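Rendered as structure tokens:
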């Protein structure tokens, strides 16, 4: 799926889901009518950047600036966004 994604695409959260920080879980979660998806730390950071305004390149740049010790994480971000699209969490 990531081979069809480009850095200029702008992801947005599927309206069926709501992203929020869950203090009890100590993580971001995606809430939907049938339940909840607990996101790991990196997935939560990426999803928190998805606002329907920033394209994938801007999201990658901002996360690389926020986590400089992580190195070049653009491919990982692109892969996660592809997986999130497959899960129907986001649209492009």
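Residue numbers (my numbering): 432 to 523. Where a beta carbon is used, it is the ideal one built from N, C-alpha and C, also for glycine. All values derive from a computational prediction rather than experimental measurement.
Annotation: residue 470 to residue 458 spans about 7 Å, alpha carbon to alpha carbon. Of all C-beta pairs linking the stretch 448–457 to the stretch 504–517, fewer than three are shorter than 8 Å, placing the two stretches out of contact. Distance from the CA atom of residue 448 to the CA atom of residue 499, rounded to whole angstroms, is 30 Å.
Contact holds between the stretch 436–447 and the stretch 482–500, because three or more Cβ pairs, one in each stretch, are under 8 Å apart.
For residue 467, the CB contacts under 6 Å within the same chain, skipping 5 residues up- and downstream, are 460 in chain order. In this structure, residue 450 sits near residue 478, with a CB-CB distance shorter than 7 Å. With a contact defined as Cβ atoms closer than 8 Å, residue 487 and residue 494 miss out at about 11 Å.
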